[in-house]
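Residue numbers are given in the working numbering: position 249 of the sequence shown equals residue 1469, and the series is strictly consecutive.
The beta-carbon is built from N, C-alpha and C at its ideal position, and this holds for glycine as well.
Since this is a predicted model, take the numbers as computed values, not measurements.
Below is one structure, written out as structure tokens, with a few remarks after it.
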Amino acid sequence: MMYVFIVDGHCPVMVPALNAYLTDKLPAFVTVMDPSLDVIALLRILHAFNNYWSTMYEVPFSHKPIMSFNEFLSSKLTAKANRQLQDPLVIMTGNLPNWLAEIANAAPFMFPFETRQLLFYATTFDRDRALMRLQDNTGDNSSNDNNERVAPRLDRRRRVVNRSDLLKQAEKVIDELGNSKALLEIQYENEVGTGLGPTLEFYALVSKELQKSEFELWRGESLVEKNSSENEHITEYSFSICGLFPAPLARNAKAAIVNRIKAKFKFLGKFMAKALMDSRMLDLPLSLFIDPVIAKSFQQLEDILRQKHRILADKSHTEESRQLALESLSMDGCSIEDLDIDFTLPGYSHIELKKGGKDIPVTLDNLEEYLQVITGLGLPNRIHTSVSYDNLWEYLQVITGLGLPNGIHTSVSYDNLQEYLQVITGLGLPNGIHTSVSYDNLWEYLQVITGLGLPNRIHTSVSYDNLQEYLQVITGLGLPNGIHTSVSYDNLWEYLQVITGLGLPNGIHTSVSYDNLQEYLLVITGLGLPKQDSYICYLRKPTGILAGYNWARFHNLSLKTT
């Protein structure tokens, strides 16, 4: 997660990701012999062009593929793979054909995400975990003799933790069981109950602990959260509207600070690995990008730079006309000098991009140097803007401090980091989840995304102080840090989008009125809200901005306040 800073303002030349695919042969690990390999090699090249076409042109900030990834899927290979991966006897005996893992690693784009996820569990972890994942996917929990013979027999390790110092205890638990194949179960000290519920809560609470501002792990602002049970206790959490991205470290940072931050990321890596092994979800909204808004600004600066090059190359200009054309270049009506940019990292004025950078203004003359340095140092060294399968492991090494177990990188065959983070966090990241979800299966879809079995109906006795807590119960999701409890009516749609992590289907109206809010929440959650003639919802009387909210209309219930 360290940033590489070059004193003279220059950074190493990055080799375009496209170069690795420009070969007519499949990688050396493909040992199967088949006439179709030449065709697969060609498809691999075409898929690389589709992904990295922007590296051949002056559009470094644009990486949207030309064609949909669905165009490269092979229905026949997928059907063959699914038959193998959904056969319990094949999984139990470990008799997966060699071609499946080899082709899936060499050309992952030919298989859909679900198939590659099944393959990941079948080839990376032990047999029992693969069987458990298969049973979870098929939903076959019958107890006939055949199922009993192939039922997974996972060893379980129970650990008791105290809520008062959860992160420190979590570090000890993960260090102790980091290399164990046993399934981790959590019980809280002086509390009754163990099993899935407390364990899922453990992963969610530790995820939240890692977002505390005091650790200085993430980019973004600090937002305050007051503990209702301890009025004097205030906690600050890192928050960014576009998700969490590792914060940069200056090259002159103290060794103690660097070691502390590296230790936290190393723990995060082990924590993610354990969650992945046990099929648990982390409530950690990691971001694929540092900041899309800043990226858009850089794109505008790139456009100005290209215009400058065209003007300088235009031989029809006289000296006077060329100078006038250069002086007319602007960004949103402002010249480069008027933007008041210097050679420091955006958002971190104490981190200089070159020696004395805070005293060097960015002008049209040194704009190209600034963009070269900022795009090279804004991301971890050697990590490209478009993160693909080939540099995914390297990216995770930087972010997690080499925390993932050996061998994971050889089996991860996701097209990009977005899909991988979807597996880790269970969140529907932008453009990573299909939006063609019908209302009939949206409830099921949310269950998969959140990893939670949500209640069949809302409890008849709801006593939450505010809309935020109520919506948390409805959706079953841990709310991102920084979501204010005072939610205005105009941004309720955006608020629900943040809560669910979904770009919801086009069929759902984005303008939610009070009259159809109940129906809207019903569609989002798949839950039947209580009927007026059957249930009475008890609420504490809302205070503050929520006091004027028409709760009876919101619930469409008989309302009693306490």
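Please name the residue, chosen from Tyr-1277, Ala-1299 and Gln-1355, that lies closest to Leu-1797 on a Cα-to-Cα basis.
Since the first and last residues shown for the chain are 1221 and 1782, residue 1797 lies out of range.
Can you give me the C-alpha to C-alpha distance between Met-1497 and Phe-1345, rounded to a whole angstrom?
The residue given as residue 1497 occupies position 277 in the sequence shown. The residue given as residue 1345 occupies position 125 in the sequence shown. Taking the straight line joining both Cα atoms gives about 7 Å.
Within 8 Å, strictly: CB atoms of Met-1312 and Leu-1338:
As a working note, residue 1312 is residue 92 in the sequence shown. As a working note, residue 1338 is residue 118 in the sequence shown. In this structure, Leu-1338 does not lie closer than 8 Å to Met-1312 by Cβ.
Using three-state DSSP, classify Pro-1328 as helix, strand or coil.
Translated into positions along the sequence shown, residue 1328 becomes position 108. Looking at Pro-1328 - three-state DSSP - the assignment turns out to be helix.
Alpha carbon to alpha carbon, how far is Asp-1511 from Glu-1522?
Residue numbering aside, residue 1511 sits at position 291 when the sequence shown is read from its first letter. Residue numbering aside, residue 1522 sits at position 302 when the sequence shown is read from its first letter. Looking at the two C-alpha atoms, the distance is approximately 16 Å.
Supposed contact pair Leu-1464 and Ser-1427 - C-beta distance, whole angstroms, cut 8 Å:
Here residue 1427 refers to the residue found at position 207 when the sequence shown is read from its first residue. Here residue 1464 refers to the residue found at position 244 when the sequence shown is read from its first residue. With a Cβ gap of about 10 Å, Ser-1427 and Leu-1464 do not count as contacting.
What are the uninterrupted segments assigned as alpha helix (DSSP H) that are 4 or more residues long and contained completely in the segment 1510 to 1564, given in chain order?
1512 to 1533 and 1539 to 1547
Answer with yes or no whether the minimum CB distance from Met-1352 to chain B is below 8 Å.
The chain inventory of the structure shown lacks chain B, comprising one protein chain alone.
Beta strand (DSSP E) containing Leu-1404: first to last residue?
Counting from one through the sequence shown, the residue named residue 1404 turns up at place 184. Per DSSP, Leu-1404 belongs to the beta strand (DSSP E) from 1403 to 1408.
So, at 6 Å on beta carbons, what are the nonlocal neighbours of His-1729 in its own chain, with the 5 sequence-adjacent residues on each side left out?
The residue you call residue 1729 lines up with position 509 of the sequence shown. Caution applies to His-1729, whose pLDDT of 38 falls short of 50 and renders its modelled position unreliable; the model cannot decide the point.
Okay, do the segment 1435 to 1447 and the segment 1405 to 1424 touch, 3+ Cβ pairs below 8 Å being the bar?
no
The segment 1243 to 1251 touching the segment 1311 to 1328, judged by at least three CB pairs closer than 8 Å:
yes
How far does the beta strand (DSSP E) with Glu-1572 in it extend, from its first residue to its last?
The residue given as residue 1572 occupies position 352 in the sequence shown. Residues 1568 to 1572.
On the criterion of 16 or more Cβ atoms from any shown chain inside 10 Å, does Val-1513 qualify as buried, or is it exposed?
Here residue 1513 refers to the residue found at position 293 of the sequence shown. By the 10 Å Cβ count, Val-1513 comes out exposed.
Sort Lys-1484, Ala-1237 and Glu-1405 by Cα distance to Arg-1379 and report the nearest one.
Stepping through the sequence shown from its first residue, residue 1379 is reached at position 159. When each option's Cα is compared against that of Arg-1379, the closest is Glu-1405.
If you measure between the beta carbons of Ile-1524 and Met-1551, is that distance less than 8 Å?
Residue mapping note: residue 1524 aligns to position 304 of the sequence shown, counting from 1. Residue mapping note: residue 1551 aligns to position 331 of the sequence shown, counting from 1. Closer than 8 Å, so yes.
Check for me: the alpha helix (DSSP H) holding Glu-1456 runs from which residue to which?
Position 236 of the sequence shown holds residue 1456. Where Glu-1456 is concerned, there is no enclosing alpha helix (DSSP H), although the beta strand (DSSP E) it sits in stretches over 1454 to 1459.
Find the nearest neighbour of Thr-1275 within the set Ser-1295, Gln-1304, Leu-1238 and Leu-1263, judged by alpha-carbon distance.
The residue labelled residue 1275 in the question sits at position 55 within the sequence shown. That would be Leu-1238, whose Cα lies nearest to the Cα of Thr-1275.
Which residues in the same chain have their Cβ closer than 8 Å to the Cβ of Glu-1391, if we skip the five residues on either side of it in sequence?
Here residue 1391 refers to the residue found at position 171 when the sequence shown is read from its first residue. So the list reads Phe-1487, once near-sequence residues are dropped.
Verify whether the separation of the beta carbon atoms of Glu-1456 and Leu-1469 is less than 8 Å.
Along the sequence shown, read from residue 1 onward, the residue named residue 1456 stands at position 236. Along the sequence shown, read from residue 1 onward, the residue named residue 1469 stands at position 249. No, the pair does not count as a contact, with Cβ atoms beyond the cut-off.
Reduced DSSP secondary structure (H/G/I, E/B, other) of Glu-1411
Residue mapping note: residue 1411 aligns to position 191 of the sequence shown, counting from 1. Three-state DSSP puts Glu-1411 in coil, outside helix and strand.
Can you tell me the Cα-Cα spacing of Ile-1461 and His-1267, whole angstroms?
Residue numbering aside, residue 1461 sits at position 241 when the sequence shown is read from its first letter. Residue numbering aside, residue 1267 sits at position 47 when the sequence shown is read from its first letter. Distance between the alpha carbons of Ile-1461 and His-1267 is about 32 Å.
Just confirm the distance between the C-beta atoms of Gln-1527 and Leu-1549, as a whole number of angstroms; I'd bet it's less than 8 Å.
Counting from one through the sequence shown, the residue named residue 1527 turns up at place 307. Counting from one through the sequence shown, the residue named residue 1549 turns up at place 329. Yes, they are in contact, since the Cβ atoms of Gln-1527 and Leu-1549 sit about 6 Å apart, within 8 Å.
From the DSSP output, which residues share a beta bridge with Lys-1432?
The residue given as residue 1432 occupies position 212 in the sequence shown. DSSP, once it has assigned bridges, lists Tyr-1457 as partnering Lys-1432.
Presumed contact (8 Å Cβ cut-off) between Glu-1547 and Pro-1581, rounded CB distance
Here residue 1547 is taken as the residue at index 327 of the sequence shown, counted from 1. Here residue 1581 is taken as the residue at index 361 of the sequence shown, counted from 1. No, Glu-1547 and Pro-1581 are not in contact; Cβ-Cβ is about 16 Å, not under 8 Å.
Closest to Thr-1595 by C-alpha separation, out of Gly-1553, Thr-1335 and Leu-1573, would be which residue?
The count along the sequence shown starts at 1 and reaches residue 1595 at position 375. Nearest C-alpha to Thr-1595: Leu-1573.
Report yes if the CB atom of Phe-1422 is closer than 8 Å to the CB atom of Val-1478, and no otherwise.
Along the sequence shown, one-based indexing puts residue 1422 at 202. Along the sequence shown, one-based indexing puts residue 1478 at 258. Cβ atoms of Phe-1422 and Val-1478: not closer than 8 Å.
Using the Cα positions of Glu-1445 and Ala-1475, report the straight-line distance between them to the nearest angstrom.
Mapped onto the sequence shown, residue 1445 falls at position 225. Mapped onto the sequence shown, residue 1475 falls at position 255. Glu-1445 and Ala-1475: Cα-Cα distance of roughly 30 Å.
Assuming Val-1310 is part of the alpha helix (DSSP H), what are its boundary residues?
The residue given as residue 1310 occupies position 90 in the sequence shown. Run containing Val-1310: 1308 to 1313, per the alpha helix (DSSP H) assignment.
Per-residue burial, Met-1492 [other beta carbons within 10 Å of its own, 16 or more giving buried]:
On the sequence shown, position 272 is the one that residue 1492 refers to. Counting Cβ neighbours within 10 Å, Met-1492 comes out buried, since at least 16 surround it.
Val-1381 lies in the beta strand (DSSP E); which residues open and close that run?
Against the sequence shown, residue 1381 aligns to sequence position 161. Element bounds for Val-1381: 1376 to 1381.
On the criterion of 16 or more Cβ atoms from any shown chain inside 10 Å, does Gly-1576 qualify as buried, or is it exposed?
Numbered from its first residue, the sequence shown carries residue 1576 at position 356. Exposed is the call here.
Apart from the five residues just before and just after Pro-1285, which ones in its own chain have a Cβ nearer than 6 Å to its Cβ?
Working through the sequence shown from its first residue, we reach residue 1285 at position 65. Hits under 6 Å: Asn-1270 and Asn-1271.
Kindly indicate which three-state DSSP category Leu-1443 falls into: helix, strand or coil?
Position 223 of the sequence shown, counted from the start, is the residue given in the question as residue 1443. Residue state, collapsed to three classes: strand.
Are there 16 or more other CB atoms within 10 angstroms of the CB of Leu-1262, so buried, or fewer, so exposed?
Working through the sequence shown from its first residue, we reach residue 1262 at position 42. Result: exposed.
At the level of alpha carbons, what is the spacing between Phe-1292 and Phe-1329?
The residue you call residue 1292 lines up with position 72 of the sequence shown. The residue you call residue 1329 lines up with position 109 of the sequence shown. If you take the alpha carbons of Phe-1292 and Phe-1329, they lie about 6 Å apart.
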